[in-house]
Each structure stands twice: as C-alpha cells, then as structure tokens.
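Participant: Each protein sequence line maps, in turn, to chains A and B.
Take 0 as the starting number for the first sequence in numbering that gives the first Met the number 0 and just add one per residue.
Take 0 as the starting number for the second sequence in numbering that gives the first Met the number 0 and just add one per residue.
Glycine is no exception: its CB is placed at the ideal position from the N, C-alpha and C atoms.
What follows is a structure written as structure tokens; I'll ask about it next.
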Amino acid sequence: MDARRERKAALDRLEACCRAAALAEPIVIDLRVVAEEVLTNVAKYAFAPDTPPALELRVAFAERAATLEFRDRGRPFDPLAAPAPDLDLPPEDRPLGGLGLALVRALVDEARYEREGTANVLRLVKRLTPQ
Amino acid sequence: MALSIQLEEGRSFTKTLRLAGRLDNDTASDLDNELDKVLAGAVKVLVFDLGGLEYTTSAGLRSFLRSQKAMRQREGKVLFLNLQPPVQKVFDIAKAADVASVFRDVKELDDYLDAMQKKAREEAP
C-alpha cells in the first residue's frame, strides 16, 4: 500500500472509532480534518521524500474529551512551532502554505508536542461538549 | 465519500462548480484539474456551490486560494454559495473568503449577479 492509501485507511479507521464512540458529528469531522493535517505535515517534514513515513496514531476517549496521540520516529519536527500564516492578507495575496497547521491549532482545545528520545509525540485534546 | 464536481454554465462568463462530498488531500487534485479546464476558458465569475460539501481541509482551501489568485489576475471574481457549518468553520478560521463574496443561497447570489450585470451595462460605452 502506498503512503497515501495508508493515510486514508488510518483516517477512515479513526472516523469509524469516533462514530463507534458516539461522538457528535461536528467533533468527528474536526478530528478527521485535524488528523489529516497532522499526518500530511509529518510525512512532509519529519521524513525525507523517498522514505515511507512510519507513524502511529492512537485515539482515546474519556467522558469529556477525545485525545489524539501521534508518534513517529522521523527527524525532530514540532508542528506547533510552524509559523502561522498571515491570515489578514486578502486571500489573493496569501502564500499557499501553513494553513493546515493553523487549522489544527484552531480546531483542538489543547496541543502539546514533545521529543521523547528519538520520537516526535504530538498530543491533541478535543473537548466533547454535551449535545 | 469521494468528491463529486459538476460544472454548470448559466449567465455569460459565469461558471458554477457544484461540489459534493469531501474535499481533502486526496480529492483536491480532482478539483484542481477541473479548475484548470474552467480557467482555460473565458470566465469572469467563478461560483463555488458548496451546498453538498461535507467538509474541507487545508488542501481544499489551497485550491480555492489558487482560483482566487487566478481570477484576480483576469479581474474576475470568485464567489461562494451555501457553505455548510463544517465548511464555514474552516473558512472562518482561515479567513478564506471576503464576506462580500459569500452568499447564503441562490436568490442572494442571483440578486448580486443581476446588479453586477446591470452596472456593467450602464458603464459600457
């Protein structure tokens, strides 16, 4: 399986887990969007172009929050340290990059990156508001 | 669900791309290909009808930005119609569109296009 199909399979699996945990639809979508942004950025920046990105995604559900944990053994890459794009420029004048991680920061309630030994670990927490 | 893209041509120089499904890293290239075809023609107003779009990621936003840049170069406009809540949320975060270019429904958009055409006729020599 190529990296792209593997990523899609992981995202589909995440979405299925979220649905099985009966999360509200807007939360399921936010988590899927966030996970796609992280996976594509880690593949791009923590791994050389010809290296298949190896990445582990865990999801944990508690009563009030869902936690996504991304772990990879690529080169050090802190997605939260990426410079934010200037969103006040008119769309026509914007650079095309940086939007994905800006979405990640905005769509989760807590985000923490750590370099643990040779691993990049990113933990994202999304609060589950009662519907 | 993948992305479906339908092209509609109504008024002169106006093209509408109706998107349904999911706009993400896998499907944005389909939209880019369609955009290349649309932008190869004479178009002054490009409308994205997003009524059937479940969500968009930054990959979709990049396609929209690209079309906004391309249309500005030809002094045209990109307009957005029927943003659903998950798409609206991402647009708000990324400030992806000017408020003036987002329309709630077809009626609002038609009124705007009527006014624009009327103005163009009046300004014509």
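Pop quiz: A105(A) and I4(B) are said to be a contact at Cβ under 8 Å. What is the actual Cβ separation, rounded to whole angstroms?
Facilitator: At roughly 27 Å, the Cβ-Cβ gap does not stay under 8 Å, so A105(A) and I4(B) are not in contact.
Participant: Just by C-beta distance, which residues in the region 14-40 of chain A are closer than 7 Å to chain B?
Facilitator: P25, I28, V32, E35, E36, T39
Participant: Counting along the chain, where does the alpha helix (DSSP H) carrying A42(A) start and finish?
Facilitator: Judged by DSSP secondary structure, A42(A) falls within the alpha helix (DSSP H) whose first and last residues are 24-44.
Participant: Taking just the CA atoms, how far does V41(A) sit from A64(A)?
Facilitator: About 24 Å.
Participant: Considering only residues of the same chain and omitting the five flanking positions on each side of F76(A), which have a CB-CB separation below 6 Å?
Facilitator: Y44, A45, N119
Participant: Buried or exposed: where does T128(A) fall if 16 or more other Cβ atoms within 10 Å of its Cβ makes it buried?
Facilitator: exposed
Participant: Would the region 32-41 of chain B count as touching the region 54-70 of chain A if we require 3 or more Cβ pairs under 8 Å?
Facilitator: no
Participant: Excluding five sequence neighbours on each side, which residues of the same chain lie with their C-beta closer than 7 Å to the C-beta of L22(A)?
Facilitator: A65, L127
Participant: Would you kindly work out how many angstroms separate the C-alpha atoms of A2(A) and F90(B), rounded to a whole number?
Facilitator: One Cα belongs to A2(A), the other to F90(B), and the distance between them is close to 28 Å.
Participant: So S3(B) is in the beta strand (DSSP E); what residue range does that whole segment cover?
Facilitator: 2-8
Participant: Could you check how far apart the C-beta atoms of Y54(B) and V105(B) are, in whole angstroms? I think they sit under 8 Å.
Facilitator: With 8 Å as the limit, Y54(B) and V105(B) do not qualify as a contact, their Cβ atoms being about 22 Å apart.
Participant: Check whether chain B comes within 9 Å of P140(A), counting only Cβ atoms and requiring the distance to be less than that.
Facilitator: This structure leaves residue 140(A) out entirely; chain A is present only between 0 and 130.
Participant: What span of residues does the alpha helix (DSSP H) with Q113(B) cover, start to end?
Facilitator: The sequence shown places Asp at residue 113(B), not Gln. Unbroken alpha helix (DSSP H) run through D113(B): 105-122.
Participant: Just the chain B side, please: which residues come within less than 8 Å of A145(A) by C-beta, in chain order?
Facilitator: Nothing about residue 145(A) can be reported from this structure: the residues present for chain A run from 0 to 130 only.
Participant: Any beta carbon of chain A sitting closer than 9 Å to that of L60(B)?
Facilitator: For L60(B), the nearest beta carbon of chain A is closer than 9 Å to its own beta carbon.
Participant: Closer than 9 Å by beta-carbon distance: list the chain A residues that pair up with S3(B), in chain order.
Facilitator: Within chain A, no residue comes near S3(B); the closest Cβ sits about 17 Å away, beyond 9 Å.
Participant: With 16 other CB atoms within 10 Å as the buried threshold, where does L64(B) fall?
Facilitator: buried
Participant: Please work out which residues of its chain come closer than 7 Å, Cβ to Cβ, to A81(A), disregarding the five sequence neighbours upstream and downstream, and give them in chain order.
Facilitator: G97, L100
Participant: Give me the residue from L108(B), K68(B), R103(B), F102(B) with the minimum Cα distance to E91(A).
Facilitator: Nearest option by C-alpha distance: K68(B).
Participant: What does V89(B) touch in chain A if you count any residue whose Cβ is under 8 Å from its own?
Facilitator: Chain A residues near V89(B): V32, L102.
Participant: Could you name the residues of the same chain whose beta carbon sits closer than 8 Å to that of Q130(A), not counting the 5 residues immediately before and after it, in chain order?
Facilitator: Residue placement at Q130(A) cannot be trusted, given a pLDDT of 48 that sits under 50; the coordinates are not used to answer.
Participant: I'd like to confirm the pairing. Which residues does DSSP put opposite N119(A) in its beta bridges?
Facilitator: DSSP, once it has assigned bridges, lists D71(A), R114(A) as partnering N119(A).
Participant: When DSSP builds the beta bridges, which residues end up paired with T15(B)?
Facilitator: In the DSSP output, where bridge partners are listed per residue, T15(B) has E7(B), V46(B).
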